[in-house]
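Here's the structure we're looking at; comments come further down.
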Amino acid sequence: MERLYPVTELRRWGFDGFSIEDEAKHFVVCAVCLQAFDERNFEELLHHSMPEHDPIPLDS
Ligand SMILES: [Zn+2]
40 MERLYPVTEL RRWGFDGFSI EDEAKHFVVC AVCLQAFDER NFEELLHHSM PEHDPIPLDS
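If you're matching positions, the sequence shown starts at 40 in the working numbering and goes up one per residue.
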């Protein structure tokens, strides 16, 4: 069974600037703002899917 990663979805949408670290499979690094984010957070995923944007302010 193959798991669908959001990066796969992004590629389907035309993005190809994300990478997944082996040790942190749930985190991807945005090629636009270089912020690492949790792929399971759909709001963050949508934010980083925009062609131009700033990093999301994080409390911690
Ligand atoms: Zn971003």
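All residues carry an ideal CB built from backbone N, CA and C; glycine is no exception.
Quick one: Cα of residue i to Cα of residue j, how far?
i           : j          : result
residue 60  : residue 74 : Because residue 60 sits at a pLDDT of 47, beneath the cut-off of 50, its placement in the model cannot be relied upon, and the point is left open.
residue 127 : residue 90 : Residue 127 cannot be examined here, being either before or after the span of the chain that is shown, 40 to 99.
residue 68  : residue 79 : 13 Å
residue 81  : residue 70 : 17 Å
residue 86  : residue 92 : 8 Å
Measure the CB-CB distance between residue i and residue j and report whether it falls below 8 Å.
i          : j          : result
residue 72 : residue 94 : yes
Exercise for review: Please list, in chain order, all residues with a C-beta atom less than 7 Å from at least one heavy atom of ligand 1.
Suggested key: 69, 71, 72, 74, 86, 87, 92 and 94
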